[in-house]
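Colleague: Have a look at this one before I ask anything.
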Amino acid sequence: AAGQAEASILRYKARLGAEERPGWLGVAARAAETFTASEERSARVLWTRLRQADPWDALRQDAASLLRLGSNVTLARGYLQLSSSSRLVPHAAAIVARAAKLERHAPGILLAVDRDGILELVEPHLDEVLQRFDQIEPHLPFVLDHVDVLAPHVGVILKHFDALLLYVDQPKDDLASLVQYLPIFAPLFDTLGPNIALAQPHIKALAPHLSTIAPHAARFAPYCAVSANADVLLWYFGWVLRLPLLRHLLLSLPALP
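Going by the working numbering, 854 is the number at position 65 of the sequence shown; the sequence numbering is gapless.
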């Protein structure tokens, strides 16, 4: 299948008049195109920031923050010594745009990303993270504490960010207990769609049953009314989910829901 897809792409390129670029020149050209595209996305973050505030005041604050960060030799050396520090270069404009807000979090961010694979997972989505940083910043300490769980799913989290943001105002201990289910539910977010937001008001009732419901969540995706009325359904049938034999029989019924 992959070979057929690649052949189709080559045919389309030929039809559009695109020439193949073999060898190191081709590699260099593709790298330049990737860099330019990344830098363009990064620049959009900067322009958005300047449009939303007094541009000169914003630039002054960001420049002052960058000077303070650069004068912290230990911190600057830590970022430069990251194994994938070069991946941050195309995002320079977005980082500059958020320097004033990033400054106080810089030591914690360094500790979080100075682990194998974390920066590689986050970097492709860094511009969007910085674009939404006003919403993310109040919860950044929690994010950094759980970055190992969150980082592999940052793309789909951003895709459903507004719905997931509804969950963050609950007590941190409750939120931490929910994060452990992220590897199970994150691949289902696209399937679950509006159910994510609809289930939020009932999360306290759902939480004790998440480990039971999770393997079957995709089956409920077309039935938004189930999520919207989860508290009522659990009031009537929650006792069934507490009995291993009955819940196994109930959830294995092909007609459910």
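We put the CB at the ideal spot given by N, CA and C, even for glycine. Nothing here was measured: the structure is a model prediction, and the numbers come from that model.
Assuming the contact rule is C-beta atoms closer than 8 angstroms, Leu971 and Val938 should be a hit. Round their C-beta distance to whole Å, please.
Modeller: Here residue 971 refers to the residue found at position 182 when the sequence shown is read from its first residue. Here residue 938 refers to the residue found at position 149 when the sequence shown is read from its first residue. 6 angstroms between Cβ atoms; contact.
Colleague: From what residue to what residue does the alpha helix (DSSP H) around Gln870 run?
Modeller: What you label residue 870 is simply residue 81 of the sequence shown in a count that begins at 1. No alpha helix (DSSP H) contains Gln870, which DSSP labels as neither H nor E.
Colleague: Sort Val1029, Ser860, Phe1009 and Val878 by Cα distance to Leu977 and report the nearest one.
Modeller: For the purposes of this step, residue 977 is taken as residue 188 along the sequence shown, with counting starting at 1. The shortest Cα separation from Leu977 among Val1029, Ser860, Phe1009 and Val878 belongs to Phe1009.
Colleague: Tell me which residue opens and which closes the alpha helix (DSSP H) that Glu909 is part of.
Modeller: Start at 1 with the first residue of the sequence shown, and residue 909 comes out as number 120. Note, Glu909: alpha helix (DSSP H), Ile907 to Val911.
Colleague: Does the contact criterion of 3 or more C-beta pairs under 8 angstroms hold for the region 863-875 versus the region 825-844?
Modeller: The region 863-875 vs the region 825-844: no contact.
Colleague: If you reduce the DSSP assignment to three classes, tell me which class Leu955 lands in.
Modeller: The sequence position of residue 955 within the sequence shown is 166, counting from 1. In the structure shown, Leu955 sits in a helix (DSSP, three-state: H, G or I).
Colleague: Answer with buried or exposed for Ser831, where buried requires no fewer than 16 other C-beta atoms within 10 angstroms of its C-beta.
Modeller: Numbered from 1 along the sequence shown, position 42 holds the residue referred to as residue 831. With 16 or more Cβ atoms within 10 Å of its Cβ, Ser831 is classed as buried.
Colleague: Report the CB separation of Leu891 from Val834 in whole angstroms; it is logged as a contact under 8 angstroms.
Modeller: In the sequence shown, residue 891 corresponds to position 102, counting from 1. In the sequence shown, residue 834 corresponds to position 45, counting from 1. Their Cβ separation, rounded to whole angstroms, is 12 angstroms, which puts Leu891 and Val834 out of contact at 8 angstroms.
Colleague: In terms of residues, what are the limits of the alpha helix (DSSP H) holding Ala882?
Modeller: Taking the first residue of the sequence shown as 1, we reach residue 882 at position 93. Here the alpha helix (DSSP H) through Ala882 covers Ala881 to Ala886.
Colleague: Between the alpha carbons of Leu981 and Asp905, how many angstroms are there, rounded?
Modeller: Here the question's residue 981 lines up with position 192 in the sequence shown. Here the question's residue 905 lines up with position 116 in the sequence shown. Approximately 31 angstroms, taken between the alpha carbons.
Colleague: For Gln989, which residues from the same chain have a beta carbon less than 8 angstroms from its beta carbon, with the 5 sequence-adjacent residues on both sides left out?
Modeller: For the purposes of this step, residue 989 is taken as the residue at position 200 of the sequence shown. Once the five neighbours on either side are set aside, the close Cβ partners of Gln989 are Ala952, Leu955 and Tyr956.
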